[in-house]
Amino acid sequence: MKHFHNWFIGDCLAKTNNFYERVKELLQNTSGENTLSQKNNILSTFYDWKGKQEQIGDVCIFGVKI
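Numbering (my numbering), first residue to last: 236 to 301.
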């Protein structure tokens, strides 16, 4: 089970929800890949989404291989 939560409010909410959906889809699509590939895909997606904007919150994503 994967759980996502964000603490952004106001103007950032729509953009944050868009990123939530992108990460959710990314994790589903890359679940069969090795962890290094998943990490690289997540970082690339995050930096594309963030652009040149200042980071205003913490981001924590962790995975568990069972």
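We put the CB at the ideal spot given by N, CA and C, even for glycine.
Residue i (DSSP reduced to helix, strand or coil)
{"i": "K300", "result": "coil"}
{"i": "D246", "result": "Caution applies to D246, whose pLDDT of 49 falls short of 50 and renders its modelled position unreliable; the model cannot decide the point."}
Distance between residue j and residue i (C-alpha atoms, nearest Å)
{"i": "R257", "j": "C295", "result": "15 Å"}
{"i": "I277", "j": "K285", "result": "12 Å"}
{"i": "D283", "j": "E268", "result": "21 Å"}
{"i": "K287", "j": "S279", "result": "14 Å"}
{"i": "I291", "j": "F254", "result": "14 Å"}
{"i": "N264", "j": "D293", "result": "24 Å"}
Residue from the options whose Cα sits closest to the Cα of residue i
{"i": "I301", "options": "T270, N264, Q290 and E260", "result": "T270"}
*asked:* Restricting to runs no shorter than 3 residues, where is the beta strand (DSSP E) found entirely within the segment 265 to 291?
replied: Runs found: none.
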